[in-house]
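Chains A and B, in that order, are what the protein sequence lines are.
Heads up: the first sequence begins at 11 in my numbering, then just goes up one per residue.
Heads up: the second sequence begins at 11 in my numbering, then just goes up one per residue.
Glycine included, each C-beta is placed from N, C-alpha and C at the ideal position.
Worksheet: the structure to be examined is printed underneath.
2 protein chains.
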Amino acid sequence: MDASSYTIGIDYGTNSVRAVVVDTADGRVVGTRVFDYPSGDQGVLLDAKQPHLARQNPADYIDGLRVSLGDALKAADGEPGFSRDRVIGIGVDTTGSTPLPVDAHARPLAIDPKWQTDLAAHAWLWKDHTSAAEAVAITETARVYAPELLAPIGGTYSSEWWWSKIWRCLKVAPDVFDAAASWVELADFVPAVLSGVNDSAAIVRCICAAGHKAMYSEAWGGLPPKAFLGRLDPKLADLRDRLYDKAYPPGRPAGALSEYWARALGLRPGIAIAMGGFDAHYGAVGSGIRTGTLVKIIGTSTCDCAIAPVADTIADVPGICGIVNGSIMPDYFGIEAGQSAVGDLLKWWVEGICEGGEALHAELTREAATLSPGQSGLVALDWNNGNRTVLVDTRLTGLILGQTLRTTRAEIYRALIEATAYGARAIVERLRAYGVAIDRVVCCGGIAEKNELFMQIYADVIGQPMLIAGSPQTPALGAAVAAAVTAGAGDGGYATWTEAQDRMTTLKAQRFEPRADARRVYDALYGIYRELHDAFGGVPGGRPDLATLMKRLLAVKEKASGAGV
Amino acid sequence: MDASSYTIGIDYGTNSVRAVVVDTADGRVVGTRVFDYPSGDQGVLLDAKQPHLARQNPADYIDGLRVSLGDALKAADGEPGFSRDRVIGIGVDTTGSTPLPVDAHARPLAIDPKWQTDLAAHAWLWKDHTSAAEAVAITETARVYAPELLAPIGGTYSSEWWWSKIWRCLKVAPDVFDAAASWVELADFVPAVLSGVNDSAAIVRCICAAGHKAMYSEAWGGLPPKAFLGRLDPKLADLRDRLYDKAYPPGRPAGALSEYWARALGLRPGIAIAMGGFDAHYGAVGSGIRTGTLVKIIGTSTCDCAIAPVADTIADVPGICGIVNGSIMPDYFGIEAGQSAVGDLLKWWVEGICEGGEALHAELTREAATLSPGQSGLVALDWNNGNRTVLVDTRLTGLILGQTLRTTRAEIYRALIEATAYGARAIVERLRAYGVAIDRVVCCGGIAEKNELFMQIYADVIGQPMLIAGSPQTPALGAAVAAAVTAGAGDGGYATWTEAQDRMTTLKAQRFEPRADARRVYDALYGIYRELHDAFGGVPGGRPDLATLMKRLLAVKEKASGAGV
């Protein structure tokens with residue numbers, strides 16, 4: 011290339027939106043800006059009477075686009091070599107499943123003064139769990155009448171997903187449901203905004219949201235058949251006609267930058283708008299995902315991604331969130347799993363219970379690092395926010411076991427880290443058991459970068475070296491990679507994903523190796539975790555011997571402490 | 011009576027000793043003093059390498075006797091009508107089982123410079139749990155060769171008890187074992203000191219320690235037969251000859267005040283020294299125990315006492331610490347049960363985990379009081395210090411279940427109170443199931459007097475009004491009652507226990523009634539507690555359905571919160 015070209019990645023998180031301007035030659039960030047959503051509690055609309063409710067204000071999405079991207083470009087303006095006319099494409103990643111109702115002009119209902127105060131008319135954030143009953147009913151109905159629908163999504167439909175939420179809206183706010191011309195995932199909404207789409211029927215839908223969250227598959231002609239939806243509610247069958255027939259993998263454009271937004275941002279109109287995608291999937295791209303690599307995006311929750319060539323036959327993996335052709339990259343199955351609370355679990359302990367802040371996180375980490383594996387005598391279940399994989403059950407809760415009168419807050423802090431590591435191991439074991447190769451684990455997110463104790467425990471528990479993605483903003487970087495591939499080699503981007511990833515993504519030099527001694531102890535503790543997991547999670551055929559469990563744990567503790575009884 | 015007479019009660023607790031001087035006419039305290047043991051950590055000698063070790067320095071006992079009693083008498087001197095020559099008897103209660111090795115002159119080995127630094131030569135405090143393996147071996151040996159020994163002590167021998175500790179000493183400190191002419195319970199040691207006993211063979215032993223802790227029964231001729239002890243270790247069989255043949259119920263004198271101590275204290279020599287007893291038993295006396303009354307002495311741990319006339323046939327009650335003829339009062343079976351951590355469990359949470367003090371106890375109590383039963387969605391097991399009744403297993407540990415990311419420290423505080431209430435209910439149910447009538451529950455101890463939330467939860471969970479003893483120092487008062495009965499009517503005391511209790515003990519006006527709504531919720535939660543209790547405690551025939559337990563608990567929570575899903 012004679013001169014550099016640039017792409018933009020925009021990452022819609024739970025509390026804020028981040029824009030990055032990236033040099034396509036090497037992935038270097040030349041400008042970035044974070045915008046905190048102004049509405050609700052750190053961007054989340056809550057309802058004291060419904061503890062499982064979590065919504066967002068769509069106006070925050072549009073304000074956030076304008077501010078974060080505008081300011082990121084201003085920051086880039088100062089960089090040598092950068093100019094706005096060298097920006098060749100924009101990629102967007104978001105949380106999901108985060109559906110919102112829109113009118114016939116593809117405008118969010120919640121922007122209409124008529125619906126502004128109705129929480130049902132806002133975006134139903136991924137972690138909204140009000141739809142537990144609907145999820146159960148969808149799963150049960152599918153098991154009887156259309157079991158094929160459940161195969162690619164792990165066998166259980168979640169309350170966090172598209173149909174559960176829309177059906178819930180139909181039940182509790184039928185006026186909102188009736189007013190909606192269509193529903194759209196946030197991941198498809200933002201590219202449509204940037205492309206100037208003003209017809210709800212013209213919104214381009216990504217396969218990643220459709221396949222992982224909406225039971226979309228070409229095997230049965232797209233979204234679930236009307237006959238199936240009609241068993242849930244005839245109005246859901248009617249809605250199907252106002253949704254979409256086809257969803258697309260990343261790599262092709264979702265649209266082209268509209269005149270309006272080009273003018274607002276000082277960019278060339280018509281540059282490529284990449285297909286939207288979920289943060290985890292584009293985070294995997296930004297972490298250099300390839301066959302055999304598990305990418306762990308570790309944040310408040312954790313999302314695990316793997317890919318496998320579509321040429322291979324991959325069995326459906328029960329309890330895994332989804333296996334969808336093209337959801338991460340075209341020509342690969344995208345495989346997604348996850349844990350509902352990881353950073354959130356530690357935050358609960360440190361901030362919610364111990365009433366500390368960042369300093370206490372650091373202090374407890376230091377103190378916990380002085381403990382040997384097993385020394386605390388504690389085992390916890392990491393279910394304070396339910397279990398996403400492999401049990402797919404939001405109505406599971408936390409458990410801490412093994413406390414004595416001398417148990418410390420640092421011991422519990424470590425036990426909670428370990429619990430999330432056991433949960434992570436359960437996912438790896440499930441994937442491998444169903445033929446998904448995992449020979450490399452790449453982690454990204456703040457915890458992976460900052461907490462060495464956490465990473466070492468994961469290496470010891472999982473028995474695999476833990477690598478760390480080079481970028482601290484892999485989802486935004488992945489979206490920028492997608493924009494570079496979508497723009498294509500002719501416009502200063504790349505012809506292939508592999509080439510774009512090789513040039514634009516890196517790994518950190520630091521890596522964490524499993525230690526043999528620690529692995530032996532953690533193998534025993536993981537066995538105890540699995541007994542609790544299987545007993546309380548209702549896994550058929552588990553053989554828990556709970557009557558001796560506390561004593562076996564004490565034996566591990568005493569061996570680890572070198573203490574006499 | 012023409013002029014008042016007075017008795018003294020001396021209460022040896024875990025951290026301090028308290029002396030009270032009491033008017034026998036009405037139980038009024040005319041002088042009192044607390045002496046904190048100067049040795050170790052608040053009076054307890056610890057060993058960082060052995061977390062289960064807890065010993066005490068016998069020198070503290072003698073210093074404490076001199077200071078607490080001397081100062082209590084000085085305080086009484088100022089009271090109208092009091093004079094030291096009107097003191098007619100002294101009673102002593104102590105923790106137990108707290109055995110200590112003594113030489114041939116009944117002096118504690120630990121006072122000898124040769125043994126001063128050897129922790130095995132000190133008193134083995136009730137909560138020393140180093141003897142878990144010995145307790146298991148004693149139980150197993152008795153089950154095979156002498157099951158009758160286990161019947162009156164609930165079927166399982168505890169690591170907190172006499173033979174476990176002495177055998178442990180023989181194993182880990184054989185030189186101490188060999189140097190001991192005899193061993194003595196603290197409850198017998200102090201009366202022997204006051205009586206000037208200087209021959210280990212002349213120490214008078216109380217039935218309460220012998221029967222509840224040392225497997226003493228007249229049914230098999232006193233202590234366990236040498237053939238049984240020899241199966242444990244031949245040296246234990248030899249030791250039996252240097253212990254005692256006979257133990258006595260309260261009411262008869264353990265001795266008479268020696269010239270030395272009379273001079274030291276300004277009291278009449280020869281006044282009655284009552285039989286020593288455990289704090290719980292004399293606490294029950296000081297709380298006005300009678301047939302049908304359960305006395306709960308609620309402190310760091312809880313001790314439950316009931317009595318039943320020996321004329322009645324009482325079945326052995328499995329899992330109950332003991333049923334011993336005459337251990338609380340003569341002519342009644344003394345029935346003892348207990349919970350290993352109650353106040354200690356709340357202290358662990360507030361001080362150990364939340365790092366607060368008295369103010370935080372009060373704050374969490376206030377906040378917890380605003381919650382409805384079931385609203386937290388939490389159930390805990392109260393086993394951070396093992397389970398004394400009904401499982402008799404020090405190697406059980408704590409469990410907290412039902413946490414979400416919104417669970418607060420006040421919710422857990424309440425869940426821990428509730429856990430101890432469930433444990434208390436399990437004891438009541440076990441006693442009733444084996445024919446022990448309980449129609450009145452009298453509580454004593456600081457928590458009972460200060461924490462209304464705690465008392466209301468107990469009333470709601472147990473389904474019985476909670477009454478509170480009138481005295482804040484029921485063990486010391488009970489010892490003073492025993493001294494008045496031992497001195498007898500002729501010397502200004504009382505001829506019967508009933509008369510002495512009627513005159514010297516009271517109840518507070520405040521009482522806590524069970525509330526029907528709360529009872530219904532707690533009945534459901536107790537069912538869940540029992541599933542966990544039976545599964546982790548290894549109760550045969552339990553039918554836990556752990557796979558649905560978390561969800562049933564959530565259902566209780568949602569109903570209690572009035573929240574939609």
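Taking the Cβ atom as the reference point for each residue, do residue 130(A) and residue 179(A) lie within a distance shorter than 7 Å? A Cβ-Cβ contact shorter than 7 Å links residue 130(A) with residue 179(A).
On the premise that residue 280(B) lies in contact with residue 267(B), defined as a C-beta separation below 8 Å, what is that separation, rounded to the nearest angstrom? Indeed they touch by this definition, with Cβ atoms about 6 Å apart.
Quick check for students: name the residue ranges of the alpha helix (DSSP H) that lie wholly in the stretch 488–539 of chain A, counting only runs of 4 or more. With a minimum length of 4 residues, the continuous alpha helix (DSSP H) runs that stay inside the stretch 488–539 of chain A are 507–514.
If we define contact as Cβ-Cβ less than 7 Å, is residue 354(B) a contact residue for chain A? With 7 Å as the cut-off, residue 354(B) counts as an interface residue toward chain A.
What residues are listed by DSSP as bridge partners for residue 394(A)? Residue 394(A) pairs with 396(A).
Using only alpha-carbon positions, find the residue among 334(A), 313(A), 317(A), 364(A) that is nearest to residue 351(A). Considering only alpha carbons, the answer is 313(A).
Under 7 Å between the Cβ atoms of residue 484(A) and residue 454(A)? Taking 7 Å as the Cβ cut-off, residue 484(A) and residue 454(A) qualify as a contacting pair.
I'd like to know if residue 390(A) contacts chain B, where contact means its C-beta is closer than 7 Å to some C-beta of that chain. Not one chain B Cβ lies under 7 Å of residue 390(A).
According to DSSP, residue 311(A) sits in a beta bridge with which residue or residues? The beta-bridge partner set that DSSP reports for residue 311(A) is empty.
So residue 121(A) and residue 69(A) are in contact, right, with Cβ under 8 Å, and what is the actual spacing, rounded? That pair is a contact at about 6 Å.
With residue 51(B) as the anchor, note down where its beta strand (DSSP E) starts and where it stops. Run containing residue 51(B): none; DSSP gives neither H nor E here.
When you compare the CB positions of residue 3(B) and residue 435(B), do they come within less than 7 Å of one another, or not? The shown model of chain B, from 11 to 575, leaves out residue 3(B), and the question about it has no answer.
Going by beta-carbon coordinates alone, are residue 45(B) and residue 77(B) separated by less than 7 Å? Closer than 7 Å, so yes.
Chain A contacts from the stretch 200–230 of chain B (Cβ-Cβ distance under 9 Å): The residues in question: there are none.
Residue 430(A) versus chain B: which residues are under 7 Å apart at the beta carbon? Simply none; closest approach about 13 Å.
Relative to the alpha-carbon of residue 138(A), which residue among 449(A), 294(A), 24(A) has its alpha-carbon at the smallest distance? Cα-wise, what sits closest to residue 138(A) is 24(A).
Is there at least one Cβ from chain B nearer than 7 Å to residue 545(A)'s Cβ? Interface annotation, residue 545(A): in contact with chain B, CB-CB separation under 7 Å.
Inter-stretch contact (C-beta, 8 Å, three-pair minimum) for the stretch 482–499 of chain B and the stretch 290–302 of chain B: By the criterion of at least three beta-carbon pairs nearer than 8 Å, the stretch 482–499 of chain B is in contact with the stretch 290–302 of chain B.
Once DSSP output is grouped into helix, strand and coil, what is the label at residue 187(A)? Note: residue 187(A) maps to helix in three-state DSSP.
At a Cβ threshold of 7 Å, is residue 575(A) touching chain B? Per-residue confidence for residue 575(A) stands at a pLDDT of 35, beneath the threshold of 50, marking its modelled position as unreliable; no derived number is given.
Tell me, please, whether the CB atom of residue 349(A) is closer than 7 Å to any CB atom in chain B? Closer than 7 Å: no.
Does any residue of chain B have a CB that is nearer than 7 Å to the CB of residue 358(A)? Residue 358(A) belongs to the set of residues whose beta carbon lies under 7 Å from a beta carbon in chain B.
So, at 7 Å on beta carbons, what are the nonlocal neighbours of residue 507(B) in its own chain, with the 5 sequence-adjacent residues on each side left out? Counting only Cβ-Cβ distances below 7 Å, and skipping sequence neighbours, we find 339, 495.
Determine the contact status of residue 302(A) and residue 73(A), defining contact as a CB-CB distance below 7 Å. The answer is no: Cβ separation not under 7 Å.
DSSP bridge partner residues for residue 349(A) (one or two, in chain order): Answer by DSSP bridge pairing, in chain order: 312(A).
By DSSP's criteria, residue 588(A) is part of a beta bridge. Which residues make up the other side? Examination of residue 588(A) is not possible in this model, given that chain A is present from 11 through 575 alone.
State yes or no: is the C-beta of residue 215(A) within less than 7 Å of the C-beta of residue 247(A)? Not closer than 7 Å, so no.
To the nearest angstrom, how far is the alpha carbon of residue 5(B) from that of residue 542(B)? Not covered by the structure: residue 5(B). The range shown for chain B is 11 to 575.
How big is the Cα-Cα spacing for residue 193(A) and residue 112(A)? For the pair residue 193(A) and residue 112(A), the Cα-to-Cα distance works out to about 6 Å.
Does the stretch 327–344 of chain A come into contact with the stretch 356–373 of chain A, if we say contact requires no fewer than three beta-carbon pairs (one atom in each stretch) closer than 8 Å? Touching, no.
Just tell me which of 438(A), 262(A), 569(A) has its CA closest to the CA of residue 497(A). Among 438(A), 262(A), 569(A), the Cα nearest to that of residue 497(A) is on 262(A).
Does DSSP classify residue 342(B) as helix, strand or coil? Looking at residue 342(B) - three-state DSSP - the assignment turns out to be strand.
Would you call the stretch 84–97 of chain B in contact with the stretch 457–476 of chain B, where contact means no fewer than 3 C-beta pairs closer than 8 Å? No, the stretch 84–97 of chain B is not in contact with the stretch 457–476 of chain B.
Selection of the stretch 359–390 of chain B by Cβ proximity to chain A, strictly under 8 Å: The residues in question are 362, 363, 364, 365, 387.
Report the partner residues of residue 66(A) according to the DSSP bridge assignment. Answer is 133(A).
Applying the 10 Å Cβ sphere with the 16-neighbour rule, what's the burial state of residue 320(B)? With fewer than 16 neighbouring CB atoms inside 10 Å of its own CB, residue 320(B) falls in the exposed class.
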